[in-house]
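Participant:
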Ligand SMILES: [Zn+2]
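Numbering (the UniProt record's numbering), first residue to last: 1 to 390.
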């Protein structure tokens, strides 16, 4: 057993609401945090830190919980630069969208998919993300979906079966047949690798009845629901998510008052993904309206090659503060403790005794700099499970 104290922290974000200044961030100034093996065992004033085997001087910088990126799509192959370039240049572009990535992913070897995944995971880790969820959804056959989940499960516990991303092109004339596959043979093959089941509930993807059938079948197999809901238009996704006690309704860009009431009445987290609105020049989700209604909000990247190709949670924090009405404190909370809530986890997203020692060191005197200095690589240290990896 080995212990390490990180001392001389100007601002320590603990996300422990019982600590400091009445902020949900549980801020401690002139702080220290003590790690033993893979866990946090002590936080407090730096001058009172107990003796430890090792000591790291934070030099007046900020320490916060590692980001919890609760929504990404990282098992894929191929590239959609031309599609993005055309969209941002105002030129028409008639490619297949998700179907383009499906074709490239099916054609890729296991090794290529895994190399791509680990590349983006290490990219995210260097930017302070210590927990990530990722999904299937670019295979859309029994074998390709199960393969994606098997590869993802080798790298994270937070694996989501998204056979219901779009109706497979192989079933273009038989969507009911595809729902039967997703809830039958494909689910049987995928469930052993996944914790979660997800569905893209949207016009052109899956309607409310189809989404309910898919999520209910997944629950019967022991998977817990999360939903791509109300991204492009009003629809039944958010209320279905709350009804089925989904851990999260993701996107939440187009919400009615009834949708917000539903979220406020349950424990389903609203996960906002501003990288998608940025990358598609779409309307921002109204975080302020959700927060004022008492809804728990998470912030995540939605990292995927089509609609949000960023692995930077810090960038999403800056967007949320600039364009979605969140305060810097709220955005930092949503990207750490909020992400943990969206994964129904209490062992991550906070720095309190008993939590995993997943920490990010910022070269800044306060966490506010994540929004105040957008685009600047402030992360200068990352610990995951008590081990320093940057
Ligand atoms: Zn997504």
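Built from N, CA and C at the ideal position, the CB exists for glycine as well.
Considering only the beta carbon of each residue, do residue 171 and residue 136 sit closer than 9 Å?
Facilitator: Contact flag unset, no.
Participant: Take residue 38 and list the residues in its own chain whose beta-carbon comes closer than 7 Å to its own, dropping the five residues that flank it on each side.
Facilitator: Correct list, in chain order: 356, 357, 385 and 386.
Participant: Cutting at 7 Å between CB atoms, please list the residues of its own chain near residue 194, excluding the five before and the five after it.
Facilitator: 149, 159, 160, 161 and 223, listed in sequence order.
Participant: Determine the contact status of residue 155 and residue 131, defining contact as a CB-CB distance below 9 Å.
Facilitator: No.
Participant: Counting pairs of beta carbons, one from the segment 247-263 and one from the segment 53-65, are three or more of them closer than 8 Å?
Facilitator: Contact between the segment 247-263 and the segment 53-65 is absent, because fewer than three Cβ pairs lie under 8 Å.
Participant: Answer with buried or exposed for residue 281, where buried requires no fewer than 16 other C-beta atoms within 10 angstroms of its C-beta.
Facilitator: So residue 281 counts as exposed.
Participant: From 332, 325, 167 and 361, pick the residue whose C-alpha is nearest to that of residue 203; which is it?
Facilitator: Residue 167 is the option with its Cα nearest to residue 203.
Participant: Would you list the one or two residues that DSSP bridges to residue 68?
Facilitator: Paired residues: 131.
Participant: Relative to ligand 1, is the shortest distance from any of its heavy atoms to the C-beta of residue 232 smaller than 8 Å?
Facilitator: Outside the cutoff, so no.
Participant: For residue 225, which of helix, strand or coil comes out of DSSP?
Facilitator: Residue 225 falls in the strand class under three-state DSSP.
Participant: Determine the closest residue to residue 269 out of 225, 309, 184 and 328, with distance taken between C-alpha atoms.
Facilitator: Residue 269 has its Cα closest to that of 225, out of 225, 309, 184 and 328.
Participant: Take the Cβ of residue 198 as the centre, count every other Cβ of all protein chains shown within 10 Å, and call the residue buried at 16 or more, exposed below.
Facilitator: The residue is buried, with at least 16 neighbouring Cβ atoms inside 10 Å.
Participant: So, helix, strand or coil for residue 348, using DSSP?
Facilitator: Looking at residue 348 - three-state DSSP - the assignment turns out to be coil, as it is neither helix nor strand.
Participant: With respect to the beta strand (DSSP E) encompassing residue 7, which residues constitute its N-terminal and C-terminal limits?
Facilitator: Where residue 7 is concerned, the enclosing beta strand (DSSP E) stretches over 3-13.
Participant: Excluding the five sequence neighbours on either side, which residues of its own chain have a C-beta within less than 7 Å of the C-beta of residue 120, listed in chain order?
Facilitator: Only 74, 303 and 311 meet the Cβ criterion.
Participant: Could you give the residue range of the beta strand (DSSP E) that holds residue 267?
Facilitator: Note, residue 267: premise wrong, no beta strand (DSSP E); not H, not E.
Participant: Is residue 299 a contact residue of ligand 1, with contact defined as CB to any heavy atom under 8 Å?
Facilitator: No.
Participant: Throw me the rounded Cβ distance for the residue 183 and residue 139 pair, which I believe falls under 8 Å.
Facilitator: So it is not a contact: roughly 16 Å between Cβ atoms.
Participant: Using DSSP's beta-bridge definition, name the partner residues of residue 283.
Facilitator: Residue 283 pairs with nothing; no bridge assigned.
Participant: Ignoring anything shorter than 4 residues, give me the alpha helix (DSSP H) runs that lie fully in the segment 118-202, in order along the chain.
Facilitator: Listed in chain order, they are 142-153, 175-183 and 185-190.
Participant: With a threshold of 6 Å on Cβ separation, who are the neighbours of residue 205 within its own chain once the five nearest residues in sequence on each side are excluded?
Facilitator: Once the five neighbours on either side are set aside, the close Cβ partners of residue 205 are 166.
Participant: Nearest to residue 271 by CA position, among 279, 257, 286 and 278, is which residue?
Facilitator: Comparing Cα positions, the closest option is 286.
Participant: Is it true that the segment 63-73 meets the segment 140-147, where meeting means three or more beta-carbon pairs spaced less than 8 Å apart?
Facilitator: In short, these stretches do not touch, since the Cβ pair count stays below three.
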